[in-house]
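Engineer:
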Amino acid sequence: MHAYIYYGSKNKQPLKVRKFIDLAIKRLTNNQDLTLSIKELNHYAIYK
């Protein structure tokens with residue numbers, strides 16, 4: 340899963356936005372519920 344967050348300027352970024360981004364990264368990184376197994380990857384592979 341790829342997620343992109345764009346917020347114009349770090350200098351003008353509200354603290355609550357930075358905290359949300361940090362929380363999202365912490366919760367989504369290496370989350371087994373959001374990661375496909377090798378078996379699932381092979382099942383959905385376009386090029387076999």
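Under the working numbering, read the sequence shown as residues 340 to 387, first letter to last. For glycine and all other residues, C-beta sits at the position ideal for the given N, C-alpha and C. Quick caveat: nothing in here was measured; it's all calculated off a predicted structure.
Is Tyr-383 helix, strand or coil when you go by DSSP?
Structural biologist: In the structure shown, Tyr-383 sits in a helix (DSSP, three-state: H, G or I).
Engineer: I'd like the span of the alpha helix (DSSP H) that includes Asp-361, first residue to last.
Structural biologist: Its alpha helix (DSSP H) spans residues 354 to 367.
Engineer: Please classify Leu-375: does DSSP put it in a helix, a strand, or coil?
Structural biologist: In the structure shown, Leu-375 sits in coil (DSSP, three-state: anything other than H, G, I, E or B).
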